[in-house]
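Numbering (my numbering), first residue to last: 920 to 1078. Report on the structure given below.
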Amino acid sequence: MHLGNIARLSNARTRSISAENPIGAKGQGGMAMTGTGAFAARELGQGWKISPSINIAPGDTITLADIQEPGAIQHFWMTTHPNFWRKLVIRAYWDGEEHPSIECPLGDFFVNGWCECCNVNSLPIVVAPAGGMNSYWEMPFRKSARLTIENLSTESAVL
């Protein structure tokens, strides 16, 4: 579903993949008890965003999504400090590919390649004033999709 076909009925199943629910299981968002936001949400308990982000150690590559069925990524959102926009590399692999179809620094992907926040308001990319980066590029796949982020920095990055 997207704005071009929003009036049509669909049998599509939607998923929300996040730091707290990396496989997109139904009803499992907000279930973490530990994580990057545990101190701030300590009195709210389970069901609140305790782990809305992840730490990526220097040199590490983490898997953001690993989907093993046909589908289409329609939206993803992330934010990190501008110092990491050129040091975090996003990669997307479709249908079991060995080599990525997308491979570029995170800031470049979101039209912010200079490590300074520049607001973007377009159909495929939105970068909000506080640095929230959104992609609305529809990315269909026949069998599987895997998105990764590699930290090329010498410091840990929070994403």
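Beta carbons: idealized from backbone N, C-alpha and C, even for Gly.
Proximity below 8 Å, CB of residue i to CB of residue j
i, j, result
"residue 955", "residue 1077", "yes"
"residue 1026", "residue 1010", "no"
"residue 1103", "residue 1069", "Limits of the chain in this structure are 920 at one end and 1078 at the other, which puts residue 1103 out of reach."
"residue 1001", "residue 1023", "no"
"residue 1090", "residue 980", "This structure cannot settle anything about residue 1090, because the visible part of the chain is limited to 920 through 1078."
"residue 1072", "residue 977", "yes"
Proximity to residue i [Cα-Cα], best of the options
i, options, result
"residue 984", "944, 1045, 949, 936", "936"
"residue 1057", "1069, 993, 945, 970", "993"
"residue 922", "974, 948, 1055, 946", "1055"
"residue 1059", "978, 925, 1020", "1020"
Own chain residues within Cβ distance below 7 Å of residue i, not counting five before or after
i, result
"residue 934", "943"
Boundaries of the alpha helix (DSSP H) in which residue i is found, first to last residue
i, result
"residue 1066", "Where residue 1066 is concerned, there is no enclosing alpha helix (DSSP H), although the beta strand (DSSP E) it sits in stretches over 1064 to 1070."
Bridge partner(s) assigned by DSSP for residue i
i, result
"residue 1021", "1011"
The beta strand (DSSP E) enclosing residue i, as first and last residue numbers
i, result
"residue 985", "980 to 986"
"residue 1044", "1044 to 1046"
"residue 1053", "1052 to 1054"
6 Å Cβ shell around residue i - same chain, five flanking residues per side excluded
i, result
"residue 1134", "No answer is possible for residue 1134: the residues shown for the chain start at 920 and end at 1078."
Neighbourhood of residue i by C-beta, 8 Å cutoff - its chain only, sequence neighbours within 5 removed
i, result
"residue 971", "937, 938, 939, 954, 955, 956"
CB contact below 8 Å: residue i versus chain C
i, result
"residue 1042", "Of the chains in the structure shown, none is chain C; there is only one protein chain."
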